[in-house]
Amino acid sequence: MAAHNELGRWGENVAEVYLRENGYTILDRDWHSGHRDIDIIAIDGSDIVFVEVKTRKNNVFIEPEQAINFKKRQNLRLAINHYVKY
Numbered sequence: 014m015a016a017h018n019e020l021g022r023w024g025e026n027v028a029e030v031y032l033r034e035n036g037y038t039i040l041d042r043d044w045h046s047g048h049r050d051i052d053i054i055a056i057d058g059s060d061i062v063f064v065e066v067k068t069r070k071n072n073v074f075i076e077p078e079q080a081i082n083f084k085k086r087q088n089l090r091l092a093i094n095h096y097v098k099y
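Put into structure tokens, the structure is as follows:
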């Protein structure tokens with residue numbers, strides 16, 4: 014597995030632990046709809062939560078909204094729509 018994939022998997026594991034410790038129930042991880050994916054799907058009370066995990070090797074911090082470009086947001090919306098219909 015490529016180093017960036019290992020880093021991403023590690024970040025998803027950390028995010029899952031955080032969510033579980035904060036009362037979320039994990040429904041799925043790395044859910045795919047064609048080439049689109051959702052990193053973590055969880056439930057918080059009556060809400061379904063779709064989580065995109067971004068893991069960095071450096072200390073450069075940017076707002077979460079800046080870490081996901083238009084194409085990725087579009088793909089997430091399509092994947093979420095498919096998941097909800099699924």
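Numbering (the working numbering), first residue to last: 14 to 99.
Built from N, CA and C at the ideal position, the CB exists for glycine as well.
Nearest candidate by alpha-carbon position, reference residue i, set the options
{"i": "VAL62", "options": "ARG90, PHE83, ARG22", "result": "ARG90"}
Buried/exposed call for residue i, threshold 16 Cβ in 10 Å
{"i": "ALA55", "result": "buried"}
{"i": "ASP57", "result": "exposed"}
{"i": "ILE75", "result": "exposed"}
Whole-angstrom distance between residue j and residue i, CA atom to CA atom
{"i": "ASP98", "j": "TYR31", "result": "The question names Asp, yet the displayed sequence has Lys at residue 98. Each residue's alpha carbon lies about 27 Å from the other."}
{"i": "ILE8", "j": "GLU29", "result": "Examination of residue 8 is not possible in this model, given that the chain is present from 14 through 99 alone."}
{"i": "GLY36", "j": "GLU65", "result": "18 Å"}
{"i": "ASP41", "j": "GLU78", "result": "23 Å"}
{"i": "LYS80", "j": "ARG86", "result": "Sequence inspection shows Ala at residue 80; the Lys mentioned does not correspond to that position. Computed Cα separation, rounded: 10 Å."}
Contact test: residue i Cβ vs the ligand PLP heavy atom, cutoff 7 Å
{"i": "TRP44", "result": "Because no ligand of any kind appears in the structure shown, any question about the ligand PLP cannot be addressed here."}
DSSP bridge partner residues for residue i (one or two, in chain order)
{"i": "TRP23", "result": "The partner list for TRP23 (beta bridge, DSSP) is empty, contrary to what the question assumes."}
Neighbourhood of residue i by C-beta, 8 Å cutoff - its chain only, sequence neighbours within 5 removed
{"i": "LEU20", "result": "THR68, LYS70"}
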